[in-house]
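Participant: Numbering (numbering that gives the first Met the number 0), first residue to last: 0 to 125.
Glycine residues also receive a C-beta, built at the ideal position from the N, C-alpha and C atoms.
Small disclaimer: the values here were computed from a predicted structure and weren't measured.
The structure is given below, and queries will be raised subsequently.
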Amino acid sequence: MAEMSRVAVTDAAAELLRKLYAANGPLMFHQSGGCCDGSSPMCYVDGEFRTGGSDVLLQELRIDGVPEPVTFWMSAAQFEAWRHTHLTVDVVKGRGGGFSLEAPEGVRFLIRSRLLTAEENAVFNP
0 MAEMSRVAVT DAAAELLRKL YAANGPLMFH QSGGCCDGSS PMCYVDGEFR
50 TGGSDVLLQE LRIDGVPEPV TFWMSAAQFE AWRHTHLTVD VVKGRGGGFS
100 LEAPEGVRFL IRSRLLTAEE NAVFNP
């Protein structure tokens with residue numbers, strides 16, 4: 000059986016993460032659901048965005064060519080609304096809110112989602 004995940008990345012997103020890692024070191028994502036492209040995950044240097052009790056760690060993403068996992072966090076309030084979805088981090092042309100590391104590259108990260116399968120839902124939301 001293939002390993003289940005709540006979050007995946009496209010090849011394009013993985014390539015951008017390798018580039019951002021080379022320039023900045025360890026990385027993390029946070030998706031707040033608030034202002035400033037709230038539907039887009041923001042990429043930060045790991046630890047630059049402080050997480051706490053109001054955040055949920057969804058996944059430690061393993062990216063080929065990036066030695067440390069890239070953590071993916073979401074605000075707990077948004078997680079309650081999205082708990083039944085699988086997220087895929089993608090990258091598209093255009094500028095986002097400007098706080099995320101990829102902004103100077105002329106691209107932005109974007110979330111694509113689908114409902115969890117019955118099998119995934121049984122594992123992630125027992």
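Quick one: measure Cβ to Cβ for SER152 and ALA75, integer angstroms, because I've assumed they're closer than 8 Å.
Facilitator: The requested residue 152 does not occur in the structure, where the chain is confined to residues 0 to 125.
Participant: Under DSSP, the alpha helix (DSSP H) around ARG17 begins and ends at which residues?
Facilitator: Segment 10-23, the alpha helix (DSSP H) holding ARG17.
Participant: Confirm, please, whether the CB-CB distance from ARG94 to GLY105 is below 8 Å.
Facilitator: Yes; because the gap between Cβ atoms is below 8 Å, this pair is in contact.
Participant: Would a C-beta distance cut-off of 8 Å place PHE78 and VAL6 closer than the cut-off?
Facilitator: No; because the gap between Cβ atoms is not below 8 Å, this pair is not in contact.
Participant: Taking the DSSP output, what are the residues bridged to ALA7?
Facilitator: THR87.
Participant: What do you get for VAL122, buried or exposed, if any count of 16 or more other CB atoms within 10 angstroms of its CB means buried?
Facilitator: With fewer than 16 Cβ atoms within 10 Å of its Cβ, VAL122 is classed as exposed.
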